Each structure stands twice: as C-alpha cells, then as structure tokens.
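Residue numbers for the sequence shown follow this note's numbering, so the first one is 1482 and each next one is one higher.
For glycine and all other residues, C-beta sits at the position ideal for the given N, C-alpha and C.
Treat the numbers as computed from the prediction; the structure is a model and nothing was measured.
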Amino acid sequence: MTTEQTLRLIRNSPDTLVAIFNHHFQLTGLLDTDGRVLMSNETALKLIGATEDEVLDKYFWEAPWWAHSSELQVRLRAAIEQAAAGEFVRFEVDHPDAEGNMRQFDFSLNPLRSDTGEIEYLVPEARDITEIKSTERALQQALSELKTLKDQLQKENYFLKEEIRQERDIAGMVGQSRAFKNVMAQVEQVAPTDATVLVVGETGTGKELILRAIHELSTRRDRQLVKVNCAALPSNLIESELFGHEKGAFTGAVSRKPGRFELASGGTLFLDEIGDLPIDLQAKLLRVLQESEFERIGGSETIKVDVRVVAATNHDLEELMLKGDFREDLYYRLNVFPILMPALRDRQEDIALLVHHFVDKYGTELGKTVQSISQKDMNALSAYHWPGNIRELQNIIERAMIICSGDQLEFGDWFAKIPEAESHNVSASLRELEREHICRTLEKTSWRVSGKGGAAEILDLKPTTLEARMKKHGIHRA
C-alpha cells in the first residue's frame, strides 16, 4: 500500500484501518506530528495493560507506560521531533509488560507524507525481540564456552606430543634406600595439595621425575603439565615464554601468543632451574605466585590463572640471596614445601636396583637380553662417586647395552676413563670409602648431624652412631 493509499484509508475508512491495526501482531499506532496518540492497536494496549481512553490524545512520551524511565521519555520526545522533521528513526528500548516483566523492543517511527509531500502523521511501531535477544545471548554464551573449550584443547594439545613421549609410570623412580623413601613420603604428602614445591638437588638426581610424580598423584593429573627451563632460554625471551605477548608488542611479535602460565591454567607448571631466572623477572613471578594474575607483554588485560607451581634448582638459593642474585621474598614464596633430592652417592643401596631398571628399559628398546653383571663391575659402580648422578648412570648403562654382545653386561673401556681420583676410590678400602662418604654428606648438610635433613637422616644412621663413626675416623669440622 502506498503512502497516498494509506492516507486515503485513514480519511475515508477509519473502521477498516482500526481493524487492520488491531489484528497486527506488532505494537503499532498513529501519532500526529506533535506526538499526540491518535490510534493504538489492541496488541499494544494488552501488553501495557491500558485502555484506549487512557492513551488517546496523550503525548506519546507522556503516556503512562513510559513512566518507569524519564530518560526514555526524553529519548522518545527527541525521536518524535526527528520523525516530524522527516527522518526515519529506529532504536531498541526496554519496557515492562503488564505483569512488570522487562521486555526488549525494536522501536521505529516512520513519517507519513501527504500528496504535497508534507508530513501529516507518524507511525510508531515496536517489535518484541525479547526472545530473539535471549536466543542471541544463549548462542553467544554457547560460542564463548565453545571457544573456551577450544582454547583449552589447543593449550593441552600444545604439549600433547611431549606428554606422549614421557612415560606415565614415572620411569626411574626406583629405590629402597632410606633417603629415597623419605623423598617419596614427602611427595605423597604434598601431591594432593596445591602447595608450591621447591625441589633442590644436584644435576641428574631426578628432580623432573619428582615433579611428574607430584603431578600424577595430584588432583590435576588429568590436566596439562607445562615445563619451562629458565636456564635454557635467553633472558630477553623468558618473560614472553612465561607471560605471553600481544601482537606488535615487540619486533617479531606478529601475533598474540599465550604464555606458559596461561597454558598451564588448571594444571601444573614446572619451573626448572629457577635459580637462573633473571632478577628483573623475579618480581613479576612473585606477583603471579601471590595473586594468580598477570598481563601479557604489550597488553593491559589482567589475566587470572589457576596454576600449581613446582620449581627446581641445583643452585644454593640462600647463597644466591646473599649475593643479591635471588629475591628473598621469592625464595620464601617458593620454599613452601622443599624437597631435597639426595645425590646418587648418598643412596648407594639403590644403585643395583637402578642398574637392573635401566638394563630392562634399554633391553626392551634394543631387543637385547642381559642375564648378569659381574660382581667386580657392580662393586665398581657402587664405589664410583657419580658426579652426574642417576642421569650419568643411565647413560652408562645405555652405552653398555649398546656395546653388549652376549648375555652379560659389558662396559668396554668406561672404567678406564674414570678420573684418577675416582679410580683410586674403586680400589680404596672400605674404611676409606666410609670416611669419604661421611665427610661428603656432612659437607652437604653444612655439618648438621641430627635433625630433619641432617647427615644422620641421609645416611640412615642414628645420630649417636654417626658421631661414634666420626670419632673413629677422626672427622671434625675444620
């Protein structure tokens, strides 16, 4: 119907127009150019719970159903002025229905012109879009949840290959010594909690295996385990690796990159060689540990994370603190639950078990079967100082398995390559070996004999027995 036909209908057939208006499913009516209500259909009256007499000849913005919002009244009056000037006006409004339930409407005002082009009437129209908006919000929520799940899957997939490569049974956690059992007891105590753990020990003692044991025994076992080696990354890249960066944050930042803390959210983050973390990043790490939040490089959005942190180092962090290379507040924040990994020389009774473990491991990989190892070779392995600890032993057994051609383990010329001082230990008397072992343990504990972490505990001796042996060997602190 053209505008001219509509106007003719208004003038000549008002009853017909009213019938059309009343059967229209949308809220509609007719206003004069001043904004007075000339007609209102039954759909609108039913929604607002009013009668026709209550709305006719009232200014549209002063009608009772707009009384809930003076701001909306001002907006409607301005819209009528725009429509009366010839503009088509459209916007969304919130309006309560007869029961007081707030609903959303797509509202418009359309000017009707006469044959001469003059604006004679304004047609207000409102379409209830409450359900549409609700559906849109539900869809957005579903898309948001889907994106969250997708992001989480991407994060977990980021480390999937690494996780598959690692053995789930925590290979290498083998031992029966008192020192080993003490470590495993500590792991079982702390694993179910979210406490921060600091694993301290020499290189090759199996600190990463302790991390994996803590993760596998925790409530986070089904979530991702993310690792960062603070010593392996250049200092200018560590911050980006830990906290991520935004696109354009620095030269080469061609896209947004999530950091390891984001990737580990919900799971466990392993900070290896924490003693090598640059001092300027230690304050930022402390903030994440304390507040569980950070910002990406070049970003302003604060990101909240839920991460369980396990750190490891072969450094003496207390000594680094004295030198000013490690923050004291960060040390105490990390040192919530310290675990001291004993050196292999301090768990000699575990050497035979580890040898057999690695023989089985590499026998399976190489398709070889070894039935025995000579007592002479085993005695030499037990007497060796093992500066590289379990990692060194593992490498030696792997090499021996590679060169082995029969059913007895062969070491080739390995023993001949042991430094002279170590070679002397192989043939030293048991008395000399015992004295040297006690001295090394006392030096490691700063000459603390008794108490937790003392030399007596590590050597699995009573303090009085250790003191007696120290006296016997003439051992005393210089």
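Residues in the same chain with beta-carbon distance under 7 angstroms from residue i, minus the five sequence neighbours each way, listed in chain order, please.
{"i": "Asp1650", "result": "With a pLDDT of only 41 at Asp1650, under the threshold of 50, the placement of this residue in the model should not be trusted, and no figure is reported."}
{"i": "Leu1821", "result": "Val1681, Gly1682, Gly1934"}
{"i": "Thr1945", "result": "none"}
{"i": "Leu1811", "result": "Gln1763, Leu1766, Leu1767"}
{"i": "Ile1871", "result": "Gly1653, Gly1685, Thr1686, Gly1687, Leu1825, Leu1835"}
{"i": "Thr1700", "result": "Pro1673"}
{"i": "Asn1582", "result": "none"}
{"i": "Asp1806", "result": "Ile1760"}
{"i": "Ser1910", "result": "In this prediction, Ser1910 has a pLDDT of 49, which is less than 50 and means its spatial position is unreliable; what the coordinates show is noted afterwards. Around Ser1910: no qualifying Cβ."}
{"i": "Val1574", "result": "Leu1553, Phe1586, Phe1588"}
{"i": "Asn1816", "result": "Leu1679"}
{"i": "Thr1922", "result": "Asp1827, Ala1936, Ile1939, Leu1940"}
{"i": "Leu1801", "result": "Gly1756, Phe1807"}
{"i": "Gln1667", "result": "Ile1820"}
Considering only residues of the same chain and omitting the five flanking positions on each side of residue i, which have a CB-CB separation below 6 angstroms?
{"i": "Phe1751", "result": "Leu1692, Lys1708, Val1791"}
{"i": "Gln1829", "result": "Ser1863"}
{"i": "Arg1958", "result": "Trp1928"}
{"i": "Leu1770", "result": "Arg1814"}
{"i": "Gly1869", "result": "Gly1685"}
{"i": "Ser1931", "result": "Ala1937, Pro1944"}
{"i": "Gly1893", "result": "Ile1884"}
Provide the residue span of the alpha helix (DSSP H) that contains residue i, from first to last.
{"i": "Glu1948", "result": "1944–1954"}
{"i": "Lys1708", "result": "Looking at the DSSP string, Lys1708 is not in any alpha helix (DSSP H); the run it does join, the beta strand (DSSP E), is 1706–1710."}
{"i": "Arg1693", "result": "1688–1697"}
{"i": "Ile1854", "result": "Unbroken run through Ile1854: none, as it is neither H nor E."}
{"i": "Leu1798", "result": "1798–1804"}
{"i": "Ser1658", "result": "Here Ser1658 belongs to no alpha helix (DSSP H), and DSSP marks it neither H nor E."}
{"i": "Lys1728", "result": "Premise fails: Lys1728 is in no alpha helix (DSSP H) and is neither H nor E."}
{"i": "Asp1894", "result": "Run containing Asp1894: none; DSSP gives neither H nor E here."}
{"i": "Leu1815", "result": "1809–1815"}
For residue i, write down the residues that DSSP places opposite it in a beta bridge.
{"i": "Met1520", "result": "Leu1511"}
{"i": "Asp1753", "result": "Asn1710"}
{"i": "Thr1432", "result": "Nothing about residue 1432 can be read from this structure; the chain reaches only from 1482 to 1959."}
{"i": "Leu1821", "result": "Val1681"}
{"i": "Lys1738", "result": "His1726"}
{"i": "Gln1670", "result": "Gln1670 is not bridged to any residue."}
{"i": "Tyr1540", "result": "Arg1517"}
Starting from residue i, follow the beta strand (DSSP E) in both directions and report where the run begins and ends.
{"i": "Ala1937", "result": "Run containing Ala1937: none in the beta strand (DSSP E); it sits in the alpha helix (DSSP H), 1936–1939."}
{"i": "Arg1789", "result": "1789–1794"}
How close, in whole Å, do the beta carbons of residue i and residue j come, if the pair is a contact with beta carbons under 8 angstroms?
{"i": "Gln1852", "j": "Asp1888", "result": "4 angstroms"}
{"i": "Phe1731", "j": "Ile1784", "result": "Not really, about 18 angstroms apart at Cβ, beyond 8 angstroms."}
{"i": "Leu1519", "j": "Leu1526", "result": "Leu1519 to Leu1526, Cβ: 14 angstroms. No contact."}
{"i": "Thr1532", "j": "Gln1507", "result": "Wrong, their Cβ atoms sit about 20 angstroms apart, outside the cutoff."}
{"i": "Pro1592", "j": "Gly1567", "result": "6 angstroms"}
{"i": "Glu1727", "j": "Gly1740", "result": "Rounded, the Cβ-Cβ distance is 11 angstroms, inconsistent with contact."}
{"i": "Asp1609", "j": "Arg1584", "result": "6 angstroms"}
{"i": "Phe1788", "j": "Ser1746", "result": "The sequence shown places Val at residue 1788, rather than the Phe named in the question. With 8 angstroms as the limit, Val1788 and Ser1746 qualify as a contact, their Cβ atoms being about 6 angstroms apart."}
{"i": "Glu1848", "j": "Met1882", "result": "Position check: residue 1848 holds Gly in this sequence, whereas Glu was assumed. About 10 angstroms; that fails the 8 angstroms criterion."}
{"i": "Phe1569", "j": "His1576", "result": "Actually they do not touch by this definition, with Cβ atoms about 21 angstroms apart."}
{"i": "Ile1956", "j": "Arg1916", "result": "7 angstroms"}
{"i": "Ala1676", "j": "Phe1818", "result": "5 angstroms"}
{"i": "Ala1793", "j": "Asp1753", "result": "5 angstroms"}
Who are the Cβ neighbours of residue i in its own chain at under 8 angstroms, not counting the five residues just before and after it?
{"i": "Leu1874", "result": "Leu1825, Ile1832, Leu1835, Val1836, Phe1839, Leu1862, Trp1867"}
{"i": "Arg1704", "result": "Glu1637, Gly1747, Gly1748, Thr1749"}
{"i": "Arg1646", "result": "With a pLDDT of 42 at Arg1646, under the threshold of 50, the modelled position of that residue is not reliable, and the figure given next carries that caveat. Contacts found: none."}
{"i": "Val1664", "result": "Ile1691, Ile1820, Leu1821, Met1822, Pro1823"}
Sequence ranges, beta strand (DSSP E) only - wholly within the segment 1547–1620, length at least 3: 1570–1577, 1583–1594, 1600–1609
For a minimum of 4 consecutive residues, which ranges assigned as the alpha helix (DSSP H) are wholly contained in the segment 1826–1890? 1832–1847, 1856–1864, 1870–1884
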